[in-house]
Structures are given as structure tokens and as C-alpha cells.
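Take a look at the structure set out below.
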Amino acid sequence: MKKKSKLILINKILLVILFSFLICNCSTDRDKQLNSSEYKLLLSADNFVDPLTGFKNYWGIVKTVAKNHDIAVIEKEQPFKLKHKEISFFDTENRDLRKAGFLIRQKVKYKKGQKKPGFEY
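Dropping the structure here:
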């Protein structure tokens, strides 16, 4: 019975995700063009014992590789300014969502110490 309730929970979660995408993607502007891509890397925490030094070292590597491949790098005014945010990942105890190829992530951003309302998809 426990397995059946987990399956029902997974189905409900997937249904909510599906409806969220359907609702959020309802737009009157059908001519949107992709103008950028975002890639994320998982880096070893060992290289970031001191976060500022780790960021600077890694950023130096990124800029060198980009330069060697003639890729322009646009830096923010304060590229090493730390931002406060919480990222949580949700799954069942046995990682059923992950095994099925799904990932549920919640990102909470803060502004002036307060949770910042918003929704991204």
C-alpha cells in the first residue's frame, strides 16, 4: 500500500508540474525567439573553502577559455558580489522522481533581507 501511495503522490506532482507549464506558457506573443542559453556546472566544494578566492580562480579559468575560443565575456559591475538565495530540491524518500528523470527545484531569492516574491519557469 505504501508503494501505491508514493505512486499517487508522484502522479499528482507531475500533474501539477504539467499544468504549471501549460498555464505559464500561455502567451499571446508567439513570436518569441531564443536569444540566450544558461548552463550550470556542479563544482567541487573543495575549491571554494574561501568562496571569494574560489570564485575569482574559477572566473579566471572561464575568461581564459572563452578568450582562447574567441567568445566575448560580459561581466557584471560587481561579479563577485554574493547574493542570498535558498535552493531546495524535492523528491520522495527513495528518489523516485530522480529515477524517472524529473527534478523539482524551489529557488527563494531575497532582497534587503526579505523573501522576494516571484516565479520563474
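Under this note's numbering, the first residue of the sequence shown carries the number 1143, and numbering increases by one thereafter. Cβ coordinates follow ideal geometry from the N, Cα and C atoms, glycine included.
With a cutoff of 8 Å on beta-carbon distance, Phe1222 and Gln1248 are scored as not near each other.
From the listed residues Trp1201, Tyr1181, Glu1180, the smallest Cα separation to Phe1190 is found for Trp1201. Going by DSSP, Ile1203 is part of the alpha helix (DSSP H) stretching over 1193-1210. Our two residues, Lys1218 and Ser1179, have alpha carbons roughly 17 Å apart in a direct line. CA-to-CA, the gap between Ser1230 and Lys1251 works out to about 12 Å.
Rounded to the nearest angstrom, the Cβ distance from Ile1150 to Ile1246 is 16 Å, too far for a contact under 8 Å.
With respect to Ile1152, Asp1212 sits apart: the two C-beta atoms are not nearer than 8 Å.
Shown here, Ile1229 sits in a strand according to DSSP, grouped into three states. Between the alpha carbons of Thr1206 and Lys1257 lies a distance of about 36 Å.
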